[in-house]
Each structure stands twice: as structure tokens, then as C-alpha cells.
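Going by our numbering, the sequence shown opens with residue 1074, and the numbers climb by one from there. By construction, the Cβ of each residue, glycine as well, lies at the ideal position given by its N, Cα and C atoms. Since the structure is predicted, the reported quantities are computational estimates derived from the model, not experimental observations. Worksheet for the structure shown next.
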Amino acid sequence: MDRPRGSTTKKPTLKNVAELAGVSPMTASRVVAGGDGVSPAMVRRVQAAVKTLGYSRNEAARLMRPGQRSGLLGVIITNIDNPYYAQVLLGIESAAQEAGRLIITGISHNDPRLEAQLVKDLVARQIEGLIVVPASTDAPHLSRAAAAGMPIVLASRSIDQGGVDTVLVDDIDGVRAVLSDKLRQGEHPMAFIGGPDSIATAARRYRGFALAHADAGLDIRPDLVERLPAEREPVMAATRRLLDLDQPPRAFFTTNNRYTVHVLRVLLQERNRWATWEDRPPLVGFDSFELADLVPYPLTLIEHDARAMGRIAGELALRRIDHRDSTPPMTTTLPSVGVVVGQRE
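See below:
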């Protein structure tokens, strides 16, 4: 096939494709869009013309047509620097890719107002569904969007308003089981370092921490509870404050891998405080992190499959989008398990 005159200097159009293939623009459009009702011979001619010209569809223009589906799945996560959320995102992406969808991602930075704006922006871009790791338990903008017909699935965290599909990990019982064992082994008093109750995972994990103490018949020492953002310097300062108490904790619990890493920095820096490995206050952290198995400290992690969580959330959103699931909003809970990972020096 010869290239139409002038096509070397301009972006090829669908009309150019039709001319080169010797078909009508309507037939060329139908083939490019993957429609039916075109003979195999014509399909081959159009596809050859597309390849020769290097033609690609203008997706933005296509989405402006009434009734067209965007093929886009929106995702809002709290941050991207935490490997945990990267795994959740990979799970969502795998489900979307298999369904022929693309994902468009926004970062809320744990800011509910930014999250609400991201929801508006994504809806304006004609997403077909939305998966969110909520910035706060108070998220009326999410329940309103769901009530307006947008398929929404929450991953990892829940919201107070309800009315949306949610995929969670077994925070409460997972924490309760592991910490109950530690407390029964005499590893108390235990410090708690984690986020505020406005973050659903922090609230649920504190609940597990409290239930473990109740199971052991022990009180929680208020001076050993630190509720603060997962930022390096504040968390490290809080850890040092706890260690410098007249009656310091004999164990630590952290509510996610960012807290765990920051607390570990201090415990490793201060390890000469303790004469033996057995004297070191053990650390229990929720979520894994890279190279955790090489850490020279008594460390136990409560782990779960973050990528599986993302994939399940993605698959549920796609079923809602395609009207293959009309059941009421559901909560899916994934198991967690405690794993001893620290290596003795």
C-alpha cells in the first residue's frame, strides 16, 4: 500500500486510513473500534493501513461522544512512597488490565479535602468506577458519590458513612492474637505507636491492642500510647521519650510499616542499652517491609497479602461496573498472620 499524499507531515487521520484501505470512513471506524459486522478481508486491509500509517485513536475526542464508556478505573491512595500501597496498586492494575481497563491514580496525602477534590476530578474524567484508600473515617463525599451511582470500593480502610463495598484485613483479631501471646509471655508493659482514630486502620489496630490487654487482665499505661503521623522525626522522638521513662516499655507495637521502620531506627541505635538479646524490648509491627528478615532485632510482623487486597477490590469494582453483581454493599475481610522475622546478631 502507498502512503496517502501529505501523510508524512501530518498526524494520520481515520479518513487517511479509510482511503489507504479502500473502505468507507464508517467501516474504518468500526474496525478501529473493534466493532462487528465487517468482513475479515476488510478488517485485514484496515489493520494494515493502521500499521502503515501509524494511526492511533484520539481517545479524548472519543470520550466526548454521548454514551461512550471511558474504560477508565479511578484509584485514590494516601501515598505512593509506602511499598504497601504500591502492592495494593499493583493488584488493582492486574485486575483492570485483564478487563481491558486503564487506571488513573490520585494521591490524597491523607488529606480528606484533597481526596474529595480528587473524587470530583476523576468523576469529571468519566471514570467508570473508583477504588479508594480513604484518608479519614469521615468521608461523606464517598457515600454521596456512591449514592449518585458511581461504583466505589474501599480498600484497607472503612468509613463511618457506610453504603459502599469495602475490602479489609483482619486488623482487630490479627493484632489481638499476636499481642495476647506476647503479653502472656511477660512482654509488658507494651507501648503503642500509631495513627489517630480518624484513620480506620489505626483505630481497629488499637482496638486489637486493647482487647489483647483485656484478655491478659492487664491495664494499658496511658503514658505508653503515642498517636501521631507516621513521619520519621516525630516517631523517632516519641520512641526515645518512651525509652527514657523511669519505667520504659518492655515491648512495642506499631500500626504500620512506616512506624515500624522509624521505631526500629531508634531501637537499633540504642541497642547498647540492653546487655543481651533477651533484654531488648521486642517490637511487633503491622505490615511487612523490604529486608525485614535481615533486621538484627527481635521483630515480629503481622502480615497479609496487600496485592491480593488490591486485586479483590479491583475485581469487585469491575463486577459492579459491568452489572454482574447487584448484591448490597459488602465487606470482604482478608486474614493476617504473625511472623517472627528478626535475626539474632
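With respect to 8 Å, is the separation between the Cβ of residue i and the closest non-hydrogen atom of the ligand ATP below this value?
i: tryptophan 1347; result: Here there are no bound small molecules, and the ligand ATP is not part of this structure.
With 16 as the cutoff for other CB atoms within 10 Å, does residue i come out buried or exposed?
i: asparagine 1345; result: exposed
i: arginine 1277; result: buried
i: glycine 1383; result: buried
i: serine 1018; result: The chain is shown only over 1074 to 1418; residue 1018 falls outside these bounds and no answer can be derived.
i: glycine 1235; result: exposed
i: serine 1080; result: Low confidence applies here, because serine 1080 scores a pLDDT of 41, under 50, leaving its location unreliable and the question unanswered by this model.
i: proline 1207; result: buried
i: lysine 1088; result: exposed
i: threonine 1400; result: exposed
i: glutamate 1299; result: buried
i: histidine 1286; result: buried
i: glutamate 1363; result: exposed
i: arginine 1331; result: buried
i: histidine 1214; result: buried
i: arginine 1413; result: The residue you asked about is not arginine; residue 1413 is valine in the sequence shown. So valine 1413 counts as exposed.
i: aspartate 1244; result: buried
i: histidine 1377; result: buried
i: isoleucine 1068; result: There is simply no residue 1068 to check, as the chain begins at 1074 and stops at 1418 in what is shown.
i: methionine 1099; result: exposed
Tell me, please, which residues DSSP counts as bridged to residue i.
i: phenylalanine 1359; result: Ile1375
i: aspartate 1238; result: Val1226
i: phenylalanine 1325; result: Ala1264 and Leu1356
i: valine 1148; result: Thr1178 and Ile1204
Look at the Cβ atom of residue i, then the Cβ atom of residue j, and state whether they are nearer than 9 Å.
i: leucine 1337; j: proline 1355; result: no
i: arginine 1249; j: aspartate 1292; result: no
i: threonine 1404; j: leucine 1191; result: no
i: alanine 1169; j: glycine 1387; result: yes
i: serine 1167; j: arginine 1380; result: yes
i: glycine 1281; j: aspartate 1254; result: no
i: aspartate 1122; j: alanine 1091; result: Correcting the residue type first, residue 1122 is alanine in the shown sequence and not aspartate. For alanine 1122 and alanine 1091, yes; Cβs fall inside 9 Å.
i: valine 1226; j: leucine 1203; result: yes
i: arginine 1217; j: leucine 1145; result: no
i: arginine 1313; j: valine 1334; result: no
i: leucine 1341; j: valine 1368; result: yes
i: alanine 1228; j: threonine 1239; result: yes
Following the continuous alpha helix (DSSP H) through residue i, name the residue where it begins and the one where it ends.
i: isoleucine 1165; result: 1156-1171
i: leucine 1175; result: Counting along the chain, leucine 1175 falls outside any alpha helix (DSSP H), though it belongs to the beta strand (DSSP E) covering 1175-1180.
i: valine 1105; result: 1098-1105
i: glycine 1290; result: Per DSSP, glycine 1290 belongs to no alpha helix (DSSP H) and is neither H nor E.
i: arginine 1344; result: Element bounds for arginine 1344: n/a, residue is neither H nor E.
i: glycine 1247; result: 1244-1257
i: glutamate 1092; result: 1087-1094
I'd like the span of the beta strand (DSSP E) that includes residue i, first residue to last.
i: leucine 1318; result: That residue, leucine 1318, is in no beta strand (DSSP E); it is neither H nor E in DSSP.
i: valine 1298; result: 1298-1300
Practice item. Only counting runs of 3 or more residues, tell me where the beta strand (DSSP E) segments fall wholly within the stretch 1383-1418, in order along the chain. Key: 1404-1407 and 1410-1413
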